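Peer 1: The following block contains the structure, expressed as structure tokens.
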Amino acid sequence: MAYEIDEQKKVGLGLIGFGFFFSFLGVILFFDRGLLALGNIFCLAGVSLLLGWRSTLQLFTNRKNYKGSVCFILGLFFIFVRWPVVGIILEIYSCVVLFGGFWPSVRAFLYQIPIFGWILQYPIMVLDRLLRN
Numbered sequence: 021m022a023y024e025i026d027e028q029k030k031v032g033l034g035l036i037g038f039g040f041f042f043s044f045l046g047v048i049l050f051f052d053r054g055l056l057a058l059g060n061i062f063c064l065a066g067v068s069l070l071l072g073w074r075s076t077l078q079l080f081t082n083r084k085n086y087k088g089s090v091c092f093i094l095g096l097f098f099i100f101v102r103w104p105v106v107g108i109i110l111e112i113y114s115c116v117v118l119f120g121g122f123w124p125s126v127r128a129f130l131y132q133i134p135i136f137g138w139i140l141q142y143p144i145m146v147l148d149r150l151l152r153n
């Protein structure tokens with residue numbers, strides 16, 4: 021196996037999954053502040069365990085990622101002061117800025133999943149076929 025996942029990375033992936041679940045549940049339940057905060061804590065702990073403490077610190081303190089780091093901290097702040105909609109918008113923006121470099125790898129991985137990859141590629145194939153005609 022080219023890339024093995026040790027126990028720490030498995031726990032990190034699990035925490036990220038729980039973080040997404042609690043964040044989704046918090047949004048579905050009318051932006052429940054407690055669930056959103058719990059989701060943020062789980063996601064942050066999961067990313068720290070998955071990447072490692074030093075890499076996580078470098079990710080948040082990298083010069084080109086300052087905008088994303090500040091937006092993430094402001095998003096947490098707005099969730100804690102009972103403005104969850106503004107906090108979620110800022111956190112979504114911060115995730116796009118911070119993890120923007122990972123999207124090509126994620127897309128390549130998702131395209132390799134048997135049925136899900138075909139569903140993701142289908143609109144691109146149809147658009148390509150329409151542009152040829």
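In terms of the working numbering, the sequence shown is residues 21 to 153. By construction, the Cβ of each residue, glycine as well, lies at the ideal position given by its N, Cα and C atoms. Being a predicted model, the structure only gives us computed values, none of them experimental.
Which two residues bound the contiguous alpha helix (DSSP H) that contains V101?
Peer 2: Counting along the chain, V101 falls outside any alpha helix (DSSP H), and DSSP gives it neither H nor E.
Peer 1: Would you mind working out which of Y131, F80, L56 sits nearest V117, comparing C-alpha positions?
Peer 2: Out of Y131, F80, L56, F80 has the C-alpha closest to the C-alpha of V117.
Peer 1: Just verifying my parser: in three-state terms, what is the DSSP assignment at N60?
Peer 2: Looking at N60 - three-state DSSP - the assignment turns out to be helix.
Peer 1: For G107, which of helix, strand or coil comes out of DSSP?
Peer 2: G107 falls in the helix class under three-state DSSP.
Peer 1: Specify the secondary structure class of G37 as computed by DSSP and reduced to three states.
Peer 2: Three-state result, G37: helix.
Peer 1: Taking DSSP as the reference, what is the three-state secondary structure of G88?
Peer 2: If DSSP states are grouped into helix, strand and coil, G88 belongs with the helices.
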